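Engineer: Position 91 of the sequence shown, counted from 1, bears residue number 97 in the numbering used here, the numbering being contiguous throughout.
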Amino acid sequence: MIKVNNISHTFYLGKKGKETAVSVLKDISFSVNEGEIITITGKSGSGKSTLLNLVGGFLRPTEGEIWIEEKNITTLSEGDLADFRLENLSFIFQSFQLIPSMTAYENVELPLVLKGLDRDIRRKRVMTALERVGLQDHASYYPSELSGGQQQRISIARALVMESKIILADEPTGSLDSETEQEILAFIKELNEKENLTFLIITHDEEVAKIGHQRIHLHDGEIMKEGVSV
Ligand SMILES: Nc1ncnc2c1ncn2[C@@H]1O[C@H](COP(=O)(O)OP(=O)(O)OP(=O)(O)O)[C@@H](O)[C@H]1O
């Protein structure tokens, strides 16, 4: 389902002709099966976000290929990549990235508006997504009226509403207290088990990493250890 083949990534900083090369990822390979949770840990600066941005198609690798759902995304044009992302990938962020002036309902609805779907279809899908995260009664609340855990659930609903099978998560519990972190992790596990959703989660937290069926640890842009939980 996701295959990362010998990815390397280098950023070039400074003026053309005088660039400094910063090698951030070196020869990374792994694959993720449908319905699997993979967690990627590593210290700050180890390359986790860069790897997530590559798999999400926001960056193109300097070397190597990334295959998602049998498609080599590294060869897609910008337009095709944007369409592919919309159809196949959803994202969850540490900071939730909800729009403060929009209600929970409107935040979840937004990607469907961008997709150009009709109002009736949108309503059905938004209410189903809100039910799936247990917040159907909070549709008219603004983000500031919700707890951190509830805001993350709304951002998960916004990911679910797209009905993609793969969710990429960047420190999904990084802004939550430990009790709420456990609640959100249990919810991610439930979604994974009940709905066979695939998660790629980056985290610096070993506790969060434990939910991975497969675990990768990055050190200075290289895979240092891989593990399979028991
Ligand atoms: N756009 C960029 N241009 C140049 N260098 C970058 C860019 N993005 C990231 N880097 C560098 O790449 C390295 C890895 O950064 P990355 O954000 O992937 O690490 P990370 O493990 O996600 O860190 P954190 O946990 O702090 O978010 C860092 O040294 C960073 O300075």
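Backbone N, C-alpha and C define an ideal beta-carbon position, used for all residues, glycine too. These numbers come from a predicted model, not from an experiment.
Along the chain, where does the beta strand (DSSP E) that runs through Y111 open and close?
Structural biologist: Premise fails: Y111 lies in the alpha helix (DSSP H), A110 to L120, not in any beta strand (DSSP E).
Engineer: Taking buried to mean at least 16 other C-beta atoms within 10 Å of its own C-beta, is L120 buried or exposed?
Structural biologist: Label assigned to L120: exposed.
Engineer: Within its chain, find whatever has a CB closer than 8 Å to the CB of I13; leave out the 5 residues flanking it on each side and keep chain order.
Structural biologist: L31, D33, I34, S35, L57, L60, P67, E69, G70, E71 and I72
Engineer: Give me the Cβ distance between G140 and L182, rounded to the nearest whole Å; I'm assuming they're in contact under 8 Å.
Structural biologist: G140 to L182, Cβ: 16 Å. No contact.
Engineer: Runs of 3 residues minimum, wholly inside the stretch 27-82: which ones carry the beta strand (DSSP E) assignment?
Structural biologist: Scanning the stretch 27-82 for uninterrupted beta strand (DSSP E) segments of 3 residues or longer gives 43-48 and 69-74, listed from N- to C-terminal end.
Engineer: Near K22, what residues of its chain come up, given a Cβ to Cβ distance below 8 Å and the 5 sequence neighbours on each side ignored?
Structural biologist: none
Engineer: Along the chain, where does the beta strand (DSSP E) that runs through D124 open and close?
Structural biologist: Segment: none, D124 is in no beta strand (DSSP E) and carries neither H nor E.
Engineer: Considering only the alpha carbon of each residue, which of Y147, T80, L118 and F205 lies closest to V38?
Structural biologist: F205
Engineer: Could you tell me whether the stretch 123-133 touches the stretch 193-204, where touching means 3 or more Cβ pairs closer than 8 Å?
Structural biologist: Inter-segment contact for the stretch 123-133 and the stretch 193-204 is absent: fewer than three beta-carbon pairs are separated by less than 8 Å.
Engineer: Can you tell me where the beta strand (DSSP E) holding K9 begins and where it ends?
Structural biologist: I8 to L19
Engineer: Please list the segments of the beta strand (DSSP E) lying wholly inside the stretch 132-202, counting only runs of 3 or more residues, in order along the chain.
Structural biologist: 172-176
Engineer: What did DSSP end up calling E228 once you bin it into helix, strand or coil?
Structural biologist: strand
Engineer: Ligand 1 heavy atoms versus the CB of S55: any closer than 7 Å?
Structural biologist: yes
Engineer: For the beta strand (DSSP E) containing L206, list its first residue and its last residue.
Structural biologist: T204 to I208
Engineer: Look up F99 in the DSSP assignment and give the residues it is bridged to.
Structural biologist: D176
Engineer: Do the stretch 212-226 and the stretch 37-54 make contact, defined as three or more Cβ pairs closer than 8 Å?
Structural biologist: yes
Engineer: Nearest CA to the CA of M258: which residue from S101, L65 and N78?
Structural biologist: Because the chain is modelled from 7 through 236, residue 258 falls outside the range shown and cannot be assessed.
Engineer: Return helix, strand or coil for L104, following the three-state DSSP convention.
Structural biologist: coil
Engineer: Based on Cα-Cα distance, which residue from I217, A175, E212 and Y148 lies nearest to E199?
Structural biologist: I217
Engineer: Is V30 near ligand 1, in the sense that its beta carbon is under 7 Å from a heavy atom of that ligand?
Structural biologist: yes
Engineer: With hydrogens ignored, establish whether the beta-carbon of L19 is closer than 7 Å to any heavy atom of ligand 1.
Structural biologist: yes
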